[in-house]
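Quick notes on the structure that follows.
2 protein chains.
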Amino acid sequence: MRVLLIEDEPVLGQAVQEQVAADGHAVDWVARLDEADAALRAVDYGLVLLDLHLPDGRGLDLLKTLRRGGDQRPVIILTARDQISDRIEGLNAGADDYLVKPFDLNELSARVMAVSRRYAGNPNPLISSGKLKIDKAARRVWRGEEAIDLTKREWAILDLLTRRATAVISKEQMEEALYDFGSEIESNTVEVHISRLRKKLGRDAIHTVRGVGYRLGSD
Amino acid sequence: MRVLLIEDEPVLGQAVQEQVAADGHAVDWVARLDEADAALRAVDYGLVLLDLHLPDGRGLDLLKTLRRGGDQRPVIILTARDQISDRIEGLNAGADDYLVKPFDLNELSARVMAVSRRYAGNPNPLISSGKLKIDKAARRVWRGEEAIDLTKREWAILDLLTRRATAVISKEQMEEALYDFGSEIESNTVEVHISRLRKKLGRDAIHTVRGVGYRLGSD
DNA sequence: CTCCCCACGTCAGTTTCCCGTCAGTGCCCA
DNA sequence: TGGGCACTGACGGGAAACTGACGTGGGGAG
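In structure tokens form, the structure reads like this:
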């Protein structure tokens, strides 16, 4: 699979390029949006890794333009921790996934691997929990045979819960994952989302650990 | 990753424990070789940090015994500057790395990180005691095949009991661990929690040492 | 540009259940 | 045998969590 990396920080760019290349993919690395534009027109990439803060424009605009033009290619956003609002906007704009800097290169490998599997026509590995089957790469969930539609927030929470399979995730962690750094939430938003998720996924899909957080699975 | 720290100096031990814990690892800290022995038998550690000068024996002997038994777990030696011959002997005995006191805590983090990268991908280490299996990272307990739900307080107590595997923990220590400094308790709360824990985990999961405290295990 | 839809944050009323307390009983050792 | 120390069932207060309802704002369709 051929990957386009759009990143202007030399150190991070090099690290990512090496990592993805080590996984057996061809990586084209550009640092500016106009180069990215040209590359996207010339080559049929299987995946785009997009940094949102570039010297000559906002990465988000590139993504929006792509999607408006009907381009469905997978895009994974690389974003800094303090730019979570961008991340939300990115998901709205049609990104497939995001990684928060500084990210673990192995985590990157895993995401790239998921995309490449889809690219090769192979199904993605399914995470299952009780009656649920979760395809993280394709952002899809099934409850038994029935496919479930999740909203962005709902997916973000489920994504957190599946990241470390059996771990307990606190409400604070969920807030951090969902909201802009510093924008405090003073209501029970997370609880409400959990409630909505349970309505869709089944009452016992998510287990409450009172005073601590939530965990995937019922037992 | 779960780390065993074998170190008898309180100040250094505490500093190391905090540093490694801050890096996201679970740290068990023992000061004597017999405790280390017991801990190593009970828990599948991802890394051992070993001080060579301990009150009840030579750390090197522990390392040699481990390696002779075919144990391949990573061991990093902590040694003083004037004991370089020990260091050489340590490497001969099968240590993976060494740090010379006084060492920079960031240097420690780097070494630990290197080990944990190798370790990544493995399932969480399980602590076992009798029929119990305890996954501290996931905050879960099994009694045989059956998963057990623990409340916050119950988990806090079990956590204490497993922290120093064979040690007897007094009720006072448990109170201190459970409650904010200053908020005094004047009832038999700890006993009640122990009782509730035993109901869930099995009568002989926790042993009473009358007049002293509690200890994990039945014998 | 306008209208509609729906995702989401907020709130309030209700429910759940954790935990500290107490009291009665049992057990261990002098 | 008696005096503590420990165990455990019961209970009530209150914090934490759940959920139905509502308003709003942003995105998509026309």
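One line per chain: the protein sequences are X and E, in this order. Residue numbers for the first sequence, in my numbering: 917 to 1135. Residue numbers for the second sequence, in my numbering: 917 to 1135. Built from N, CA and C at the ideal position, the CB exists for glycine as well.
Quick one: which chain X residues come within Cβ less than 7 Å of residue i?
{"i": "residue 1067 (chain E)", "result": "1126"}
{"i": "residue 942 (chain E)", "result": "Residues of chain X passing the Cβ test: none, with the nearest at roughly 13 Å."}
Please report the residue range of the alpha helix (DSSP H) in which residue i lies.
{"i": "residue 932 (chain X)", "result": "926-938"}
{"i": "residue 956 (chain X)", "result": "949-958"}
Just to confirm the assignment, what range does the beta strand (DSSP E) spanning residue i have?
{"i": "residue 1124 (chain E)", "result": "1122-1125"}
{"i": "residue 942 (chain X)", "result": "942-946"}
{"i": "residue 1106 (chain E)", "result": "Careful: residue 1106 (chain E) lies outside any beta strand (DSSP E), inside the alpha helix (DSSP H) at 1105-1117."}
{"i": "residue 967 (chain E)", "result": "963-967"}
{"i": "residue 918 (chain X)", "result": "918-922"}
What residues from chain E crowd round residue i, counting only those whose CB sits closer than 9 Å?
{"i": "residue 1082 (chain X)", "result": "1040, 1051, 1053, 1054, 1055 and 1056"}
Please name the residue or residues paired with residue i in a DSSP beta bridge.
{"i": "residue 1129 (chain X)", "result": "X:1125"}
{"i": "residue 1048 (chain X)", "result": "X:1045 and X:1059"}
{"i": "residue 902 (chain X)", "result": "No statement about residue 902 (chain X) is possible, as the shown extent of chain X runs from 917 to 1135 and does not include it."}
{"i": "residue 975 (chain X)", "result": "According to DSSP, residue 975 (chain X) bridges with nothing at all."}
Inspect the CB distances between the region 918-930 of chain E and the region 1082-1098 of chain X and report whether three or more fall short of 8 Å.
-> no
Counting pairs of Cβ atoms below 8 Å between the region 948-959 of chain X and the region 925-938 of chain X, do you hit three or more?
-> no
Contained beta strand (DSSP E) runs [length at least 3] in the region 1058-1087 of chain E, N- to C-terminal order | 1062-1064
Using 8 Å as the Cβ pair cut-off and three pairs as the minimum, do the region 1054-1069 of chain E and the region 1127-1134 of chain E touch?
-> no
Three or more C-beta pairs below 8 Å linking the region 973-982 of chain E and the region 936-955 of chain E | yes
At least three beta-carbon pairs within less than 8 Å, the region 1100-1118 of chain X to the region 1073-1081 of chain E = no
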